[in-house]
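According to full-length UniProt numbering, the sequence shown holds residues 1 to 168 in order.
We treat Cβ as the ideally placed atom computed from N, Cα and C, and that holds for glycine.
From a predicted model like this one, the values you see are computed outputs, not experimental measurements.
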Amino acid sequence: MTPLKYLQGYPAQLQDQVRQLIAGERLGDYLAQRYGGRHSVQSDKALYAYTMALKQEHLKNAPAIDKVLFDNRLDLTHRALGLHTAISRVQGGKLKAKKEIRVAALFKEAAPQFLQMIVVHELAHLKESEHNKAFYKLCEYMLPDYQQLEFDLRVYLTWRDLQGRAPT
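#1: Which residue comes first and which comes last in the beta strand (DSSP E) that contains D71?
#2: How should I65 be labelled, buried or exposed, when 16 other C-beta atoms within 10 angstroms of its C-beta is the threshold for buried?
#3: For V68, is the classification buried or exposed, using 16 other Cβ atoms within 10 angstroms of its Cβ as the cut-off for buried?
#4: Buried or exposed for H125, going by 16 or more other Cβ atoms inside 10 Å?
#5: So, Y156 versus L7, is the Cβ gap smaller than 9 angstroms?
#6: DSSP beta-bridge partners for K55?
#7: Can you tell me where the alpha helix (DSSP H) holding G36 begins and where it ends?
#8: Return yes when the Cβ of E109 is within less than 9 angstroms of the Cβ of R19, no when it is not.
Next comes the structure, spelled out in structure tokens:
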């Protein structure tokens, strides 16, 4: 039985369906049919603009974001596809917090829906720090098919591993 490390938390029935696609060498076809194409967001500047547009549309009152970038150091071995940070610094007599969002560079090659899912996930952390019910409700508000995209993203990562493409 093929171990599916990205899908371990999902029901056995779903995992079996993915295993059947793998066995029939149809997993790539499934992904290409649902998520063909690559997004056009290829620079840090474009990613910042993309993220800010989503934030403005859904989270107008959330804290400001100071930096958004693709990060080559984020990888799947650290279980991080995206990262949100708040760096606090003392400037004069005030404490300043800078918020950053970093997206794994492997998403430069991904379908637009996967990039959107990762950005929505990181934006949701501006309001909800924990992965709780309120967090996922906010993700669904910003991206109605969030749960399906998260599952399919995990299927995509499984397919990448099977192709021998070491995640960057």
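So, from the data block:
#1: 67-71
#2: buried
#3: buried
#4: buried
#5: no
#6: None, per the DSSP bridge assignment.
#7: Careful: G36 lies outside any alpha helix (DSSP H) and carries neither H nor E.
#8: no
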